[in-house]
Amino acid sequence: MPPGFSDDFRDALDRLFVWRRDVRHFRTDPVDPAVLDRLLATACLAPSVGLSEPW
1 MPPGFSDDFR DALDRLFVWR RDVRHFRTDP VDPAVLDRLL ATACLAPSVG
51 LSEPW
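Here it is as structure tokens:
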């Protein structure tokens, strides 16, 4: 059974979708390795066609 989502979560997700944008200029300071590890671990949770997991 999928998880239920609170109104607060839905509101935050709506704000995130409105906020998102195409970034063309990036900061030059390094990304904290712990943040990068978390981002990569989260990205690996994305579904892939036929469980091909091309990453």
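For the sequence shown, position 3 (counting from the first letter as 1) is numbered 3 according to full-length UniProt numbering, and the numbering increases by one without interruption. Even glycine gets a Cβ: it sits at the ideal position worked out from N, Cα and C.
- CA-CA distance, Trp19 to Thr42, rounds to 20 angstroms.
- Each residue's CA atom was taken as its position, placing Leu51 and Cys44 some 11 angstroms apart.
- For Thr28, there is no enclosing alpha helix (DSSP H), as DSSP gives it neither H nor E.
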